[in-house]
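Report on the structure given below.
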Amino acid sequence: MHFVFGGAFNGKRQWVDEYYAMEQTETLSFQHLSRSLAFHKKVYIIEGFTLWVRERIKTLSINETRGLARQIIEKIKKEEKDKGAHFVLIGTEVGKGIVPMEPLDRNFRDVCGYIYQDMIKAASTVDYIWYGIQERLKGE
Numbered sequence: 058m059h060f061v062f063g064g065a066f067n068g069k070r071q072w073v074d075e076y077y078a079m080e081q082t083e084t085l086s087f088q089h090l091s092r093s094l095a096f097h098k099k100v101y102i103i104e105g106f107t108l109w110v111r112e113r114i115k116t117l118s119i120n121e122t123r124g125l126a127r128q129i130i131e132k133i134k135k136e137e138k139d140k141g142a143h144f145v146l147i148g149t150e151v152g153k154g155i156v157p158m159e160p161l162d163r164n165f166r167d168v169c170g171y172i173y174q175d176m177i178k179a180a181s182t183v184d185y186i187w188y189g190i191q192e193r194l195k196g197e
């Protein structure tokens with residue numbers, strides 16, 4: 058699993074497209090990963106994580122939302138091991154240390170931070186993209 062994150066509109070998707078240009082890729086939203094899908098041996102680019110979180114925290118607690126995300130992360134790891142698929146998760150950095158005034162916005166920021174920690178722990182490779190410039194934080 059490869060986790061790529063950075064600020065909004067900082068060139069994450071463009072960097073991923075260039076990095077995996079020679080690979081057969083398919084783009085899915087994080088929402089699709091909670092369903093049963095047939096994965097094959099190729100690269101899956103996963104977007105829409107923050108939208109998925111925003112929808113979940115309207116009705117679920119931080120821990121419940123994090124638990125669902127952990128289940129999806131485990132599913133990703135299993136698919137990589139069993140089927141040789143490779144997943145690239147793209148995440149948008151949230152907060153930058155600013156604490157939102159609204160409770161729902163605070164929960165959103167907090168759960169994104171917790172789940173990003175889970176993703177980074179599970180990922181073999183982690184890259185931070187800052188205005189198109191890549192910095193490798195984990196992996197080779």
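Residue 58 is where the sequence shown starts when you use the working numbering, and the numbers rise one by one after that. Backbone N, C-alpha and C fix where the C-beta goes; we use that ideal spot for every residue, glycine too.
First and last residue of the alpha helix (DSSP H) that includes Tyr173? If you number the sequence shown from 1, residue 173 lands on position 116. Where Tyr173 is concerned, the enclosing alpha helix (DSSP H) stretches over Pro160 to Ala179.
If contacts are defined as beta-carbon pairs under 8 Å, then Ile53 and Leu90 qualify, I think. What distance do you get, rounded to the angstrom? In the structure as shown, the chain begins at 58 and stops at 197. Residue 53 is therefore absent and cannot be evaluated.
Coil, strand or helix - Ile130 by DSSP: In the sequence shown, residue 130 corresponds to position 73, counting from 1. Correct three-state label for Ile130: helix.
Can you give the beta carbon distance from Phe60 to Gly148, rounded, assuming they're within the 8 Å contact cut? On the sequence shown, residue 60 is found 3 positions in, with the first residue counted as 1. On the sequence shown, residue 148 is found 91 positions in, with the first residue counted as 1. The pair is a contact, with the Cβ atoms about 7 Å apart (cut-off 8 Å).
Would DSSP call Ile119 helix, strand or coil? Locating residue 119 in the sequence shown gives position 62, counting from the first residue. Assignment of Ile119 by DSSP, reduced to helix, strand and coil, places it in the helix class.
Closest by C-alpha distance to Met215, when choosing among Ala142, Ile155 and Ile190: Outside the displayed span of the chain (58 to 197) sits residue 215, for which this structure offers no information.
According to DSSP, is Glu150 part of a helix, a strand, or is it coil? Along the sequence shown, read from residue 1 onward, the residue named residue 150 stands at position 93. Glu150: coil per DSSP, three-state reduction.
Go to Phe66, then tell me how far its beta strand (DSSP E) extends in each direction, as first and last residue. Position 9 of the sequence shown, counted from the start, is the residue given in the question as residue 66. Element bounds for Phe66: n/a, residue is neither H nor E.
Cβ shell of Thr82 (< 6 Å), same chain only, five flanking positions each side left out: By one-based count along the sequence shown, residue 82 stands at place 25. Result list for Thr82: Val100 and Ile102, in chain order.
Counting Cβ pairs, one atom from each stretch, are 3 or more of them under 8 Å apart for the stretch 162-179 and the stretch 116-126? Pairwise C-beta distances place the stretch 162-179 in contact with the stretch 116-126, as three or more of them are shorter than 8 Å.
Phe66 to Phe96 span [Cα, whole Å]: Taking the first residue of the sequence shown as 1, we reach residue 66 at position 9. Taking the first residue of the sequence shown as 1, we reach residue 96 at position 39. Rounded to the nearest whole angstrom, the CA to CA distance from Phe66 to Phe96 is 29 Å.
Would Tyr173 be called buried (16 or more neighbouring beta carbons within 10 Å of its own) or exposed? Numbered from its first residue, the sequence shown carries residue 173 at position 116. It counts as buried.
Candidates Gly64, Glu192 and Glu80: closest to Phe144 by CA position: As a working mapping, residue 144 is identified with position 87 in the sequence shown. Answer by Cα proximity: Glu80.
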